[in-house]
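J.: Residue numbers (our numbering), protein chains in the order written: chain A, 1 to 394; chain B, 395 to 696.
Structure in structure tokens, see below.
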């Protein structure tokens with residue numbers, strides 16, 4: 001049934017229908033609407049679940065680690081500072097092979113305090129062993145959250161479902177919310193690979209000597225390598241029920257494109273319109289929407305981007321001293337590919353600044369008219385009169 | 395004070411839930427504490443252990459030194475992880491299993507106090523045990539906020555021995571008005587086992603046990619007097635044995651009458667103390683004892 005939902009409630013509806021058993025979270029704008037709805041569901045009986053109102057995000061992740069070790073389906077949600085505070089336990093969750101699902105609302109890190117859209121928070125967690133899926137609209141948020149539980153439980157790794165602050169979390173869109181029995185058909189009850197049991201006592205997460213630690217880490221990578229195939233399987237089953245699928249990425253007009261724009265999140269929607277307008281005036285432009293960032297779909301990236309002349313990566317994030325993070329990853333994927341295209345890295349829309357059709361058009365024309373990128377990163381829309389611009393040289 | 399009595403029970407289970415061959419140091423009070431605690435708690439117990447000496451004593455993968463399940467967890471998280479595990483068991487309608495968070499003084503007094511206070515404020519249904527060896531022993535004897543006034547550690551060395559008082563964790567926990575908070579000592583096993591029995595029966599809220607666990611390595615004492623030192627701590631009122639129900643109902647279990655010097659003089663960590671320093675410690679102990687006595691006398695519950 002179609003409902004008009006904000007992105008946050010696309011998450012909470014999916015979590016309700018996933019029959020999550022234990023949730024824990026600490027409130028942070030713009031994640032709050034997710035956890036408020038879930039608290040309400042626990043209170044009014046819409047969900048048979050426990051919601052632990054803990055005193056920090058660090059404890060929220062610890063609580064779901066404890067619950068998942070007890071063999072139940074778990075969920076948490078956070079953003080920005082909260083995700084940063086969880087960092088230690090993100091490593092713990094993946095290395096303990098716990099299929100925790102987390103909604104992460106992309107928000108800028110302080111200082112200065114900024115509650116708006118920025119991807120640096122989630123991308124800074126790229127090495128923690130979590131699967132990361134970036135969403136474009138409300139329906140995709142709902143669908144990805146449901147898929148995340150299946151995927152996490154298949155490979156015993158945690159999944160982060162990432163959505164843009166406000167542009168997605170607080171924007172209302174029509175979302176198809178199926179009945180419980182249909183969701184149950186897609187997502188069966190959680191069967192833990194292991195769980196704490198007094199009849200069969202063993203230890204989880206204990207000391208690991210140099211003789212075994214490397215093998216443990218290698219097994220996590222082996223699980224990561226299974227993710228593309230398993231996601232494909234999950235999406236096939238999802239499509240059979242719901243008639244929708246997304247893939248790890250979506251390529252539009254890439255086959256004959258000379259310039260391909262690489263985008264993520266809600267910027268993909270804007271880019272669809274820009275691409276369509278540019279094609280209408282016979283520009284050879286394509287677009288690659290990246291949905292799965294971890295594991296990074298290196299082979300697909302090479303297939304889709306390899307034959308283009310120029311790649312324009314739009315990063316709403318930045319790794320200081322290097323470049324935008326998606327650009328970095330795309331460059332790394334292409335570097336061993338013979339005759340690979342030039343990769344232009346564009347920084348735009350940090351801290352909630354809009355990425356408008358004009359922004360993307362500017363990026364396209366700039367890429368088209370330049371032979372090679374003259375810098376690792378090209379910052380779009382900087383105000384030359386800002387006091388920070390005059391100070392930046394001192 | 396007349397009703398002050400050590401809890402005695404006739405029989406201690408001869409069943410052990412700890413394997414021999416664990417890797418604790420000789421004379422380790424924390425190992426003794428676990429052995430007796432599990433005699434009371436039994437096999438329907440799940441241990442949540444953050445970083446601490448017990449993270450090592452429990453054994454490396456794939457071994458374990460306990461006959462109950464162990465969930466090892468990050469340093470600051472014992473209270474939160476135990477909350478989550480309890481919630482999972484509740485959802486599976488397992489009301490029989492007791493969840494126990496088992497942490498050292500660092501994981502309780504310092505880095506873990508936020509998660510502990512959060513869990514205790516929610517009155518989570520588990521037993522939290524702090525085995526207190528009064529410093530970061532696992533990392534090589536660095537001071538914690540459980541390190542007593544006068545003690546040398548590797549981060550309070552030489553003339554810079556610790557000059558601030560030990561944090562009173564039991565009173566902090568009692569201030570959360572939890573159903574049960576008690577101190578216990580490895581030198582009084584009947585009393586300790588009885589307290590674990592009481593804690594096990596009081597389901598439905600947080601029960602906190604502060605267990606004094608001597609550390610020969612860190613305290614610079616011979617291993618064979620580990621238990622004796624723990625006994626002296628009680629006999630000198632340095633570590634009084636008492637219980638608090640619902641944060642208001644105080645009950646003292648032992649009244650010490652020996653001078654603190656008997657306790658301090660036999661430990662290397664205190665050997666630098668002058669007579670004046672010892673006098674100062676005696677005054678602090680007397681003051682704490684008087685405070686405790688007044689709380690007993692002003693019990694709201696009679």
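For glycine and all other residues, C-beta sits at the position ideal for the given N, C-alpha and C.
It should be emphasised that the depicted structure is a prediction, and the values quoted were computed from it without experimental measurement.
I'd like the list of long-range same chain contacts for residue 174 of chain A, defined as Cβ closer than 6 angstroms, with 5 residues on each side in sequence excluded.
T.: Numbered from 1 along the first chain, position 174 holds the residue referred to as residue 174 of chain A. Closer than 6 angstroms at the Cβ level, and outside the excluded window around residue 174 of chain A, lie 2 and 4.
J.: Excluding the 5 residues flanking residue 275 of chain A on each side, which residues of the same chain have their C-beta closer than 8 angstroms to its C-beta?
T.: To locate residue 275 of chain A, count along the first chain from 1; it is residue 275. Within the same chain, residue 275 of chain A has close Cβ partners 252, 253, 261, 285, 286 and 287.
J.: From the beta carbon of residue 511 of chain B, is the nearest beta carbon of chain A less than 9 angstroms away?
T.: Within the second chain, the letter at position 117 stands for residue 511 of chain B. Against chain A, the CB of residue 511 of chain B has a partner CB under 9 angstroms away; the residue lies at that interface.
J.: Would you say residue 212 of chain A reaches chain B, if we count a Cβ-Cβ gap shorter than 9 angstroms as a contact?
T.: Residue numbering aside, residue 212 of chain A sits at position 212 when the first chain is read from its first letter. True, the Cβ-Cβ gap to chain B drops below 9 angstroms.
J.: Can you tell me which of the three DSSP states residue 135 of chain A falls into?
T.: The sequence position of residue 135 of chain A within the first chain is 135, counting from 1. Residue 135 of chain A: coil per DSSP, three-state reduction.
J.: What separation, rounded to the nearest whole angstrom, lies between the Cα atoms of residue 396 of chain B and residue 478 of chain B?
T.: Along the second chain, read from residue 1 onward, the residue named residue 396 of chain B stands at position 2. Along the second chain, read from residue 1 onward, the residue named residue 478 of chain B stands at position 84. Bear in mind that a pLDDT of 45 at residue 396 of chain B, under 50, signals an unreliable position, so the model cannot answer this.
J.: Less than 9 angstroms between the beta carbons of residue 625 of chain B and residue 664 of chain B, yes or no?
T.: Along the second chain, one-based indexing puts residue 625 of chain B at 231. Along the second chain, one-based indexing puts residue 664 of chain B at 270. No, Cβ-Cβ distance for residue 625 of chain B and residue 664 of chain B is not below 9 angstroms.
J.: List, in chain order, every chain C residue whose beta-carbon is nearer than 8 angstroms to that of residue 484 of chain B.
T.: Among the chains of the structure shown, chain C does not appear; the protein chains present are A and B.
J.: Consult DSSP for residue 488 of chain B and reduce its assignment to one of helix, strand or coil.
T.: Taking the first residue of the second chain as 1, we reach residue 488 of chain B at position 94. Coil at residue 488 of chain B, not helix or strand.
J.: Compare the C-alpha of residue 365 of chain A against each of A:281, A:201 and A:349 and name the closest.
T.: As a first step, residue 365 of chain A is located in the first chain; it is residue number 365 there, counting from the start. Ranking the options by Cα distance to residue 365 of chain A, first place goes to A:281.
J.: Go to residue 176 of chain A, then tell me how far its beta strand (DSSP E) extends in each direction, as first and last residue.
T.: For the purposes of this step, residue 176 of chain A is taken as the residue at position 176 of the first chain. First-last of the beta strand (DSSP E) with residue 176 of chain A: 172-176.
J.: Using three-state DSSP, classify residue 675 of chain B as helix, strand or coil.
T.: Taking the first residue of the second chain as 1, we reach residue 675 of chain B at position 281. Secondary structure at residue 675 of chain B: helix, using DSSP grouped into helix, strand and coil.
J.: Would you mind sorting residue 598 of chain B into buried or exposed? The rule is 16 or more other CB atoms within 10 Å of its CB.
T.: For the purposes of this step, residue 598 of chain B is taken as the residue at position 204 of the second chain. Looking at its Cβ environment, which holds fewer than 16 other Cβ atoms inside 10 Å, residue 598 of chain B is exposed.
J.: What residues in the region 54-73 of chain A have a beta carbon less than 7 angstroms from any beta carbon of chain B?
T.: 54, 55, 56, 58, 59, 62, 63, 64, 65, 66, 67, 69, 70, 71 and 72
J.: Using a Cβ cut-off of 9 angstroms, pull out every chain A residue sitting near residue 462 of chain B, in sequence order please.
T.: Within the second chain, the letter at position 68 stands for residue 462 of chain B. Under the 9 angstroms cutoff, chain A gives 198 and 201.
J.: Given residue 334 of chain A, which residues of its chain have a CB within under 6 angstroms of its CB, disregarding the five upstream and five downstream residues?
T.: Residue numbering aside, residue 334 of chain A sits at position 334 when the first chain is read from its first letter. Excluding residues within five positions, the ones whose Cβ falls inside 6 angstroms are 340.
J.: Is it buried or exposed, residue 244 of chain A, if we count other Cβ atoms within 10 angstroms and call 16 or more buried?
T.: Along the first chain, one-based indexing puts residue 244 of chain A at 244. With fewer than 16 other Cβ atoms within 10 Å, it is exposed.
J.: Which residues in chain B sit within 8 angstroms of residue 10 of chain A, going by Cβ to Cβ distance?
T.: Sequence index remark: in the first chain, residue 10 of chain A carries index 10 (1-based). Going along chain B, no residue has its Cβ under 8 angstroms from residue 10 of chain A, so there is no contact; the nearest lies around 25 angstroms.
J.: Look up residue 78 of chain A in the DSSP assignment and give the residues it is bridged to.
T.: Position 78 of the first chain holds residue 78 of chain A. Beta-bridge pairing links residue 78 of chain A to A:104.
J.: What are the partner residues of residue 536 of chain B, as DSSP defines its beta bridges?
T.: In the second chain, the residue the question calls residue 536 of chain B occupies position 142. Residue 536 of chain B is bridged to B:530.
J.: Candidates B:524, B:520, B:552 and B:492: which alpha carbon is nearest residue 562 of chain B's?
T.: Looking up residue 562 of chain B in the second chain gives position 168. Residue B:524 is the option with its Cα nearest to residue 562 of chain B.
J.: Report all residues from its chain with a CB closer than 6 angstroms to the CB of residue 611 of chain B; omit the five preceding and five following residues, and keep chain order.
T.: Along the second chain, read from residue 1 onward, the residue named residue 611 of chain B stands at position 217. Within its own chain, the residues whose Cβ lies closer than 6 angstroms to the Cβ of residue 611 of chain B, once the five positions on either side in sequence are excluded, are 419, listed in chain order.
J.: Taking residue 662 of chain B as the query, report the chain A residues whose CB atoms sit under 8 angstroms from its CB, ordered along the chain.
T.: What you label residue 662 of chain B is simply residue 268 of the second chain in a count that begins at 1. In chain order: nothing, as chain A lies at least about 29 angstroms away.
J.: Kindly indicate if chain A contains any beta-carbon less than 9 angstroms away from that of residue 455 of chain B.
T.: The residue given as residue 455 of chain B occupies position 61 in the second chain. Taking Cβ atoms only, chain A reaches closer than 9 angstroms to residue 455 of chain B, which makes this a yes.
J.: Please name the residue in A:75, A:93 and A:98 whose C-alpha comes closest to that of residue 104 of chain A.
T.: The residue given as residue 104 of chain A occupies position 104 in the first chain. If we check each option's Cα against that of residue 104 of chain A, A:75 comes out closest.
J.: Measuring straight from C-alpha to C-alpha, what distance separates residue 595 of chain B and residue 453 of chain B?
T.: For this step, residue 595 of chain B is matched to residue 201 along the second chain. For this step, residue 453 of chain B is matched to residue 59 along the second chain. Computed Cα separation, rounded: 29 angstroms.
J.: Mind checking if residue 570 of chain B is an interface residue toward chain A, Cβ cutoff 9 angstroms exclusive?
T.: Counted from its first residue, the second chain places residue 570 of chain B at position 176. Residue 570 of chain B does not count as touching chain A.
J.: Have a look at residue 97 of chain A and residue 467 of chain B and give me their C-alpha separation to the nearest angstrom.
T.: Locating residue 97 of chain A in the first chain gives position 97, counting from the first residue. Locating residue 467 of chain B in the second chain gives position 73, counting from the first residue. For residue 97 of chain A and residue 467 of chain B, the distance between alpha carbons rounds to 13 angstroms.
J.: Determine the contact status of residue 177 of chain A and residue 131 of chain A, defining contact as a CB-CB distance below 9 angstroms.
T.: Position 177 of the first chain, counting from 1, holds the residue named residue 177 of chain A. Position 131 of the first chain, counting from 1, holds the residue named residue 131 of chain A. No; because the gap between Cβ atoms is not below 9 angstroms, this pair is not in contact.
J.: Would residue 36 of chain A and residue 150 of chain A be called neighbours here (beta carbons separated by less than 9 angstroms)?
T.: Position 36 of the first chain holds residue 36 of chain A. Position 150 of the first chain holds residue 150 of chain A. Using a Cβ distance threshold of 9 angstroms, residue 36 of chain A and residue 150 of chain A do not count as a contacting pair.
J.: Under 9 angstroms, Cβ to Cβ, is there at least one residue of chain A near residue 658 of chain B?
T.: Numbered from 1 along the second chain, position 264 holds the residue referred to as residue 658 of chain B. No, residue 658 of chain B does not count as interfacial toward chain A.
J.: In its own chain, which residues sit with a C-beta less than 7 angstroms from the C-beta of residue 536 of chain B, not counting the 5 before and 5 after it?
T.: Position 142 of the second chain, counting from 1, holds the residue named residue 536 of chain B. 529, 530, 547, 548 and 549, listed in sequence order.
J.: Compute the distance between the beta-carbons of residue 352 of chain A and residue 114 of chain A, then report whether it is under 9 angstroms.
T.: As a working note, residue 352 of chain A is residue 352 in the first chain. As a working note, residue 114 of chain A is residue 114 in the first chain. Cβ atoms of residue 352 of chain A and residue 114 of chain A: closer than 9 angstroms.
J.: Whose Cβ in chain A lies nearer than 9 angstroms to the Cβ of residue 477 of chain B?
T.: As a working note, residue 477 of chain B is residue 83 in the second chain. The contacting residues are 24, 52, 54, 59, 62, 63, 66 and 67.
J.: Cutting at 6 angstroms between CB atoms, please list the residues of its own chain near residue 68 of chain A, excluding the five before and the five after it.
T.: In the first chain, residue 68 of chain A corresponds to position 68, counting from 1. Excluding sequence neighbours, residue 68 of chain A sits near 74, 98 and 100.
J.: Where residue 586 of chain B and residue 410 of chain B are concerned, what is the direct C-alpha to C-alpha distance, given to the nearest angstrom?
T.: Looking up residue 586 of chain B in the second chain gives position 192. Looking up residue 410 of chain B in the second chain gives position 16. Straight-line Cα distance between these residues: approximately 16 angstroms.
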